Structures are given as C-alpha cells and as structure tokens.
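A.B. asks: For the sequence shown, our numbering assigns the number 97 to the initial residue and increments by one for each residue that follows.
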Amino acid sequence: MMCYVTGNIIKQLREKRKLTQKDLAGKINVSDKTISKWETGRGLPDISIIDDLSKALGVSISELLTGNLTENENQSGNMKKLHFYVCPICGNIITSVGQGSFSCCGVTLPEQEPEITDDNHLINIETVENEYYVTLNHPMKKAHYISFIAYITSDSSEIIKLYPEQDISVRFRKKGHGIIYTYCNRHGMFKNMFSNS
C-alpha cells in the first residue's frame with residue numbers, strides 16, 4: 097500500500113509554520129476551502145501539487161507523504177555534525193549535513209551513533225609536516241575490519257575507504273581541530289576528537 101499525505105499531517109505542518117488555511121492556499125494556488133477539505137479528510141491533494149505543497153510546508157516530499165518528520169536542528173551546516181549511514185549489505189557510505197532518510201540495497205539505513213573510542217579501536221594520530229598520519233592496530237580480515245576512516249572539521253569532510261587485508265595507515269591534510277571517525281564492520285562507529293597540534 098502506497099503512503100500518501102494525510103489531512104492531519106497537512107494541518108500539523110501548516111500550524112507549525114503558523115500559516116492560516118488561506119495563507120497556505122495562496123502559496124500553492126488553491127482555495128482555502130480546498131485546504132479545509134484536505135485537512136478534514138474530505139479530499140486529497142492531486143499528485144501534481146505535492147512538490148509545491150511540500151515546499152510551502154517546509155518539508156521534503158518524502159516527509160510529507162510518509163508523515164515521518166525529521167527535525168533538522170543543524171541549520172548552520174557545521175560539518176562536525178555530519179550524519180553517517182552505512183549499508184550493511186554493500187558497505188555503501190552515505191553522509192548528510194542534516195538528518196535524513198536513506199536506503200540502500202532495499203534496506204532503510206539507521207543513522208550511525210558513534211561511540212567514544214575504546215581500547216580495541218584506539219587510533220594513533222601523528223603530525224607529519226602538514227598532514228595527520230592516522231594508524232590503528234585492528235584486524236583487517238574479511239569478517240572483521242575497519243571499513244573507513246573520516247576526518248571532519250567544521251567546514252570539511254574527508255573519508256578514506258579501507259578494505260580487508262589492507263594496512264590501516266592513512267594521511268589527512270591538516271585542517272585544524274576536528275573529529276576522526278572509524279567504522280568497524282562488526283562494532284560500528286567510533287569517534288576521537290582532537291585538537292590541532
């Protein structure tokens with residue numbers, strides 16, 4: 097069964113944006129009576145105006161259709177608040193500055209919640225001229241390995257993909273204070289905050 101926008105969602109989003117039915121109607125070129133019909137379940141918006149309706153209500157089309165509203169508190173776009181999504185089937189890495197809803201290989205991906213680095217995932221960071229040299233003493237077998245290492249600062253992100261049987265030694269150009277993320281295919285994501293030294 098296909099998800100479609102409900103009157104309750106339209107009303108909820110309209111009120112959240114402090115719009116009257118007339119305000120919303122003006123934004124998408126319909127009558128306020130039409131908005132009232134939608135909100136009371138006596139009609140549905142035509143698919144051709146879903147794009148305009150989502151823009152007027154300040155949400156994505158997906159959020160409008162499913163009712164799964166994502167609070168994006170990251171309006172400043174600070175890269176240190178980057179969100180990671182990793183496919184457990186193919187290993188695809190998806191990043192977003194704000195929270196989102198992503199799927200890969202037919203699976204809806206949960207956002208990775210990084211843990212503080214533990215003894216088994218401890219990284220070593222050395223400064224070599226204008227680069228950070230990052231190493232990690234961790235298995236790199238097909239069943240247990242580090243999939244990627246990422247270096248995130250307030251205005252940039254760099255991700256280096258790793259593969260089984262490969263040494264864990266990567267270099268990042270120094271860009272200041274940041275976060276190093278490592279992703280273990282068995283234990284998930286870990287983070288290590290550090291300052292420019």
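Note that beta-carbon positions come from the ideal geometry of N, C-alpha and C, so glycine has one too. Every value quoted in this text rests on a predicted model; they were computed, and no experiment measured them.
In whole angstroms, what is the alpha-carbon distance linking His-273 and Val-266?
C.D. replies: Distance between the alpha carbons of His-273 and Val-266: 18 angstroms.
A.B. asks: In this structure, how does DSSP classify Thr-102 when only helix, strand and coil are distinguished?
C.D. replies: In the structure shown, Thr-102 sits in coil (DSSP, three-state: anything other than H, G, I, E or B).
A.B. asks: Three or more C-beta pairs under 8 angstroms: does that hold for the region 151–165 against the region 98–116?
C.D. replies: Yes, since at least three Cβ pairs between the region 151–165 and the region 98–116 fall closer than 8 angstroms, the two stretches touch.
A.B. asks: Sort out for me which residues DSSP pairs Arg-255 with in a bridge.
C.D. replies: Arg is not the amino acid found at residue 255; the sequence shown has Ile there. Bridge partners of Ile-255: Ala-246.
A.B. asks: For the region 252–268 against the region 230–239, are there 3 or more C-beta pairs whose distance is under 8 angstroms?
C.D. replies: Yes: at least three Cβ pairs fall under 8 angstroms.
A.B. asks: Could you tell me if Lys-285 is buried or exposed, where buried requires 16 or more neighbouring beta carbons within 10 angstroms of its beta carbon?
C.D. replies: This sequence places Met at residue 285; Lys is not what is there. Buried: at least 16 other Cβ atoms inside 10 Å.
A.B. asks: Nearest CA to the CA of Ser-209: which residue from Gln-195, Lys-129 and Asn-216?
C.D. replies: For clarity, residue 209 is Glu in the given sequence; the question names Ser instead. Nearest option by C-alpha distance: Gln-195.
A.B. asks: Given this structure, state the Cα-to-Cα distance separating Lys-151 from Ser-127, to the nearest angstrom.
C.D. replies: Between Lys-151 and Ser-127, the C-alpha separation is close to 17 angstroms.
A.B. asks: In the structure shown, what three-state DSSP assignment does Ile-296 receive?
C.D. replies: The chain is shown from 97 up to 293; residue 296 falls before or after that span and cannot be answered.
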